[in-house]
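Student: Protein chains in written order, with UniProt numbering: chain A, 1 to 230; chain B, 1 to 217.
All C-beta atoms in this analysis are idealised placements derived from N, C-alpha and C, irrespective of residue type, glycine included.
1) Helix, strand or coil for residue 1/B? Go by DSSP, reduced to three states.
2) Return the first residue and the last residue of the alpha helix (DSSP H) that residue 199/B is part of.
3) For chain A, find out if any of its Cβ atoms is closer than 9 Å to the Cβ of residue 236/B; answer yes or no.
4) To the nearest angstrom, how far is the alpha carbon of residue 8/B from that of residue 151/A?
5) For the alpha helix (DSSP H) that contains residue 85/B, what are its first and last residues?
6) Measuring only the C-alpha atoms, how far is residue 97/A from residue 50/A?
7) In chain A, what lies closer than 8 Å to residue 163/B by C-beta?
8) Establish whether the CB of residue 222/A and some CB of chain B are separated by less than 9 Å.
9) Listed in chain order, which residues of the region 50-75 of chain B have Cβ atoms closer than 7 Å to some Cβ of chain A?
10) Kindly indicate if chain B contains any beta-carbon less than 9 Å away from that of residue 35/A.
11) Taking the C-alpha atoms as reference points, what is the distance between residue 242/A and residue 164/A?
12) In chain order, what residues of the same chain have a beta carbon less than 6 Å from the beta carbon of residue 87/A, not counting five sequence neighbours either side?
13) Take residue 27/B and list the residues in its own chain whose beta-carbon comes closer than 6 Å to its own, dropping the five residues that flank it on each side.
14) In chain B, what lies closer than 7 Å to residue 175/A by C-beta?
15) Please work out which residues of its chain come closer than 6 Å, Cβ to Cβ, to residue 214/A, disregarding the five sequence neighbours upstream and downstream, and give them in chain order.
16) So within the region 24-76 of chain B, which uninterrupted alpha helix (DSSP H) runs reach at least 4 residues, ignoring any that extend past its ends?
17) Using a C-beta cutoff of 9 Å, does residue 44/A count as contacting chain B?
18) What in chain B is Cβ-close to residue 82/A, meaning under 7 Å?
19) So which of 44/A, 48/A and 53/A has the shortest CA-CA distance to residue 181/A?
20) Apart from the five residues on each side of it in sequence, which residues of its chain come closer than 8 Å, Cβ to Cβ, to residue 196/A?
21) Might you give, ordered along the chain, the residues of its own chain that have their beta carbon closer than 7 Å to the beta carbon of residue 219/A, omitting 5 neighbours on each side?
22) With 9 Å as the threshold, decide whether the Cβ of residue 105/B is near any Cβ in chain A.
23) Please report how far the alpha carbon of residue 73/A lies from the alpha carbon of residue 95/A, in whole angstroms.
24) With a 10 Å radius around its C-beta and 16 neighbouring C-beta atoms as the bar for buried, classify residue 48/A as buried or exposed.
25) Just to confirm before moving on: does the CB-CB distance between residue 143/B and residue 135/B stay below 9 Å?
26) Kindly indicate if chain B contains any beta-carbon less than 9 Å away from that of residue 201/A.
27) Measuring only the C-alpha atoms, how far is residue 1/B from residue 68/A?
28) To the nearest angstrom, how far is it from the Cα of residue 198/B to the Cα of residue 188/B?
29) Below 9 Å between beta carbons: does that hold for residue 248/A and residue 192/A?
30) If you draw a straight line from the alpha carbon of residue 81/B to that of residue 137/B, how long is it in whole angstroms?
31) By Cβ distance, which residues of its chain are closer than 6 Å to residue 149/A, with the 5 residues on each side in sequence left out?
32) In chain B, which residues lie less than 8 Å from residue 110/A when you measure between Cβ atoms?
33) Rank 123/A, 198/A and 117/A by C-alpha distance to the C-alpha of residue 95/B and give the top, closest one.
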């Protein structure tokens with residue numbers, strides 16, 4: 001037996017993304033953000049996207065390129081504090097922004113990936129984040145019903161992959177990547193190294209390749225991946 | 001002012017007991033770490049997926065994949081762990097954090113906290129703040145006593161959108177340490193050289209002061 005080879009070019013993988021798609025993007029700040037895949041999505045030009053990402057990176061970095069190209073209609077996120085440009089677009093009504101508490105966003109994605117319709121939580125009750133959400137009495141307490149989140153496509157960054165799409169992340173670049181890997185119909189991964197089968201020890205795999213559809217090796221890391229000089 | 005903030009960070013550091021799991025919010029709370037002895041037994045948590053935060057590193061020594069939740073380049077220490085964001089907030093929501101130190105726009109006398117949104121001016125989103133404020137076993141606030149315009153940040157009730165209700169137990173400011181109890185703000189320590197009258201003047205809600213002399217920091 002032999003595991004399928006899922007390597008393909010960035011362009012071939014990104015070409016699958018259609019107008020109106022919901023796209024999850026891994027990353028928390030720079031670590032784990034799939035900068036090369038995002039650049040390819042800008043070149044591809046799919047519009048009216050709903051983007052799900054923890055943050056909006058910083059001006060002229062990562063998801064900000066998609067915001068500037070006008071491809072994003074809606075952003076589901078937790079925090080835009082490092083990207084004043086994104087806040088400006090939101091304030092001018094150019095993009096719709098849905099804020100989630102960070103762990104609730106993570107858990108909604110995890111639920112989507114785990115085949116669960118949603119979950120109950122008391123986070124945000126008494127604040128405007130719970131306004132308009134369905135509430136339920138359960139176990140003697142009031143809970144918010146948090147719906148699971150799934151996407152058409154997830155774009156992820158891994159430190160190492162093998163040709164089947166088994167993935168390993170580096171340090172705090174893990175963040176939302178393994179959750180999003182489970183929660184999209186089509187999972188596209190850029191990896192700093194794509195190894196042959198067996199070269200990634202089974203004990204060291206963070207995301208099993210079963211969740212991954214396409215994997216592509218980055219020829220080089222652009223400046224966006226580097227330490228940010230502030 | 002900076003000296004006063006350093007003193008308040010040093011005072012707040014004494015809030016951290018050996019063996020605690022602690023999350024330090026962005027801003028003043030991150031300075032607290034500078035006032036802990038190098039071998040102090042504490043596990044610092046970063047909500048982006050790290051327990052066992054080590055010292056901050058300059059850009060030339062930084063690991064591009066290793067940041068804290070505020071985006072600062074940090075390091076690991078022996079025993080550090082990396083994990084995904086769902087695991088990180090499982091720790092928070094299930095009560096594994098003994099203590100969180102947060103910044104504030106407003107703290108009310110009933111412990112309500114507002115620290116994430118000034119409508120029309122500043123709305124970056126709440127990040128992990130709601131879960132930290134709602135679920136850490138103890139929530140303390142580090143803040144300047146008044147805002148840049150001189151208005152009190154400690155008030156009768158919050159006018160800004162809330163982060164969490166009734167969560168704050170203690171407030172460290174450049175002027176005072178104040179406990180939040182069921183009957184309101186209690187002054188428990190004063191900053192060196194600051195009078196009780198000055199603190200009352202800068203506080204937007206009644207301040208309960210005991211008759212015994214207060215320690216200063």
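Tutor: This is what the structure gives:
1) Confidence at residue 1/B is low in this model, with a pLDDT of 46, below 50, so the placement of that residue is unreliable and no value is reported for it.
2) 196-201
3) Residue coverage of chain B in this structure runs from 1 to 217, which leaves residue 236/B outside it and unanswerable.
4) 46 Å
5) 85-93
6) 10 Å
7) Within chain A, the residues near residue 163/B are 127.
8) no
9) So the list reads 50, 59, 62, 63, 64, 65, 66, 67, 71 and 73, given in the order they occur along the chain.
10) Chain B places no beta carbon closer than 9 Å to that of residue 35/A, leaving this residue out of the contacts.
11) Since the first residue of chain A shown is 1 and the last is 230, residue 242/A is not available in this structure.
12) 80
13) 103
14) 48, 49, 84 and 85
15) 6, 8, 13 and 188
16) 28-31
17) no
18) 71
19) 53/A
20) Closer than 8 Å at the Cβ level, and outside the excluded window around residue 196/A, lie 162 and 163.
21) none
22) No, residue 105/B does not count as interfacial toward chain A.
23) 5 Å
24) exposed
25) no
26) no
27) Reliability of the predicted coordinates at residue 1/B is poor, the pLDDT of 46 falling under 50, and no value is obtained from them.
28) 14 Å
29) Nothing about residue 248/A can be read from this structure; chain A reaches only from 1 to 230.
30) 21 Å
31) 108, 109 and 112
32) 86
33) 123/A
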